[in-house]
Ligand SMILES: [Zn+2]
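In the numbering used here, the protein residues as written are 1361 to 1679.
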């Protein structure tokens, strides 16, 4: 992807926005004044192609969208983007065997996550938004939490029921019917950067939380070393991501929605080496082939590999 720094606003944009896409205002401050940081290669006629393939949990298609940075508040976001209805629709269907092949690694990753949360909150009712296969709730339940989850992908909900015996409600945060003030903690693991309306999602979390309840958000940090070094090839510049937060912009959004930011953590993820090598494929065929060769020779396909490429967690308290 070409890196550009061209000031632009929607009035001066010459290319027509295809019908399936929409131009949007900055989600954080509401202004329409931005700098293009990456000029996308997405052709208008490709706007709607393979929505189902793109919007799944392990969706690893490198971003082809135009990514902009708000001149006012610094939020980095995709603009223009696919219309919201198309995005949610894309997540709800399709199966994702690739994603669930990594459950063991995810369970060990989530164990360190729940331990971090427990430094702030005692086990109580916990709601996980965008639960995916339920690995986080499975780990939390074993540590004494009463667990609740919601996930748009019906296939993943079924997987959690079958393999963990967990009921995960199919849908999004908007489909939940719990009373206000019901939960002690709400978690969003790698979810907020996918949703078309992160402010609204955090506002809804705020209502569902008890007074002084906690929200935990895990997200790929745009200002991390990995992002700054890898630039346009940063592994989290994905077509499924609509917003790229930094510590500063996530804190502003949490503040705006009624939370006080307490602490951040660097999130180390564990995945099987073979899976990581496969995910290199869209970036470098050479690295993928070399990696695959050695992983096969050394029989390291299932070797648990810990890595950090900018994933960050933030915990905040309801004010
Ligand atoms: Zn802004």
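Backbone N, C-alpha and C fix where the C-beta goes; we use that ideal spot for every residue, glycine too.
Beta-ladder partner(s) of residue i, from DSSP
i            : result
residue 1489 : 1510 and 1548
residue 1482 : In the DSSP output, where bridge partners are listed per residue, residue 1482 has none listed.
residue 1603 : 1437
residue 1632 : 1664
residue 1614 : None, per the DSSP bridge assignment.
residue 1382 : 1441
residue 1477 : According to DSSP, which records beta bridges pairwise, residue 1477 is partnered with nothing at all.
residue 1620 : 1677
residue 1609 : For residue 1609, which the question treats as bridged, DSSP gives no partner whatsoever.
residue 1578 : 1549 and 1673
residue 1377 : Its beta-bridge partners do not exist; DSSP assigns none.
residue 1565 : Answer is none; residue 1565 lacks a bridge partner.
residue 1626 : 1672
residue 1529 : 1510
residue 1543 : 1569
residue 1422 : 1598
Contacts around residue i, its chain only, beta-carbon distance under 7 Å, and the 5 residues preceding and following it disregarded
i            : result
residue 1407 : In this prediction, residue 1407 has a pLDDT of 48, which is less than 50 and means its spatial position is unreliable; what the coordinates show is noted afterwards. Taken in chain order, the residues that qualify are 1378, 1380, 1381 and 1442.
residue 1582 : 1436, 1604, 1605 and 1606
residue 1499 : 1467, 1470, 1471 and 1474
residue 1593 : 1643
residue 1461 : 1635
residue 1501 : 1507
residue 1662 : 1632 and 1634
residue 1620 : 1676, 1677 and 1679
residue 1463 : 1493 and 1495
residue 1542 : 1485 and 1568
residue 1503 : 1474 and 1483
Near ligand 1: residue i beta-carbon under 7 Å from a heavy atom
i            : result
residue 1602 : no
residue 1614 : no
residue 1562 : no
residue 1631 : no
residue 1432 : yes
residue 1435 : yes
residue 1388 : yes
residue 1391 : yes
Inter-residue spacing [alpha-carbon to alpha-carbon] between residue i and residue j
i            : j            : result
residue 1679 : residue 1547 : 17 Å
residue 1404 : residue 1650 : Its pLDDT being 46, under 50, residue 1404 is placed unreliably in this model, and the value from its coordinates should be taken loosely. Each residue's alpha carbon lies about 35 Å from the other.
residue 1614 : residue 1653 : 45 Å
residue 1618 : residue 1453 : 33 Å
residue 1516 : residue 1493 : 5 Å
residue 1539 : residue 1564 : 11 Å
residue 1638 : residue 1451 : 22 Å
residue 1669 : residue 1579 : 11 Å
residue 1576 : residue 1586 : 22 Å
residue 1609 : residue 1388 : 8 Å
residue 1394 : residue 1478 : 39 Å
residue 1665 : residue 1623 : 26 Å
residue 1518 : residue 1598 : 26 Å
residue 1481 : residue 1671 : 22 Å
residue 1509 : residue 1595 : 27 Å
residue 1465 : residue 1667 : 11 Å
residue 1440 : residue 1601 : 13 Å
residue 1591 : residue 1550 : 20 Å
residue 1455 : residue 1574 : 32 Å
residue 1544 : residue 1645 : 46 Å
residue 1535 : residue 1497 : 19 Å
residue 1514 : residue 1457 : 13 Å
Contact set for residue i: own chain, Cβ-Cβ below 6 Å, skip 5 residues either direction
i            : result
residue 1400 : 1424, 1425 and 1426
residue 1386 : 1430 and 1435
residue 1354 : Outside the shown range of the chain (1361 to 1679) lies residue 1354, about which nothing can therefore be said.
residue 1562 : 1617
residue 1533 : 1489, 1561 and 1564
residue 1505 : 1483 and 1486
residue 1641 : 1648
residue 1444 : 1556
residue 1422 : 1642
residue 1384 : 1439
Nonlocal neighbours in the same chain, by C-beta distance under 8 Å from residue i, ignoring five residues either side
i            : result
residue 1521 : 1527 and 1528
residue 1572 : 1677 and 1678
residue 1432 : 1386, 1389, 1391 and 1393
residue 1512 : 1448, 1451, 1452, 1490, 1530, 1531 and 1532
Within the chosen definition, does the segment 1558-1572 reach the segment 1519-1528 through at least 3 CB pairs nearer than 8 Å? no
contact_flag[the segment 1484-1496, the segment 1616-1634] where n(CB pairs < 8 Å) is 3 or more: no
Pairs of beta-carbons, one from the segment 1651-1669 and one from the segment 1554-1566, closer than 8 Å: are there three or more? no
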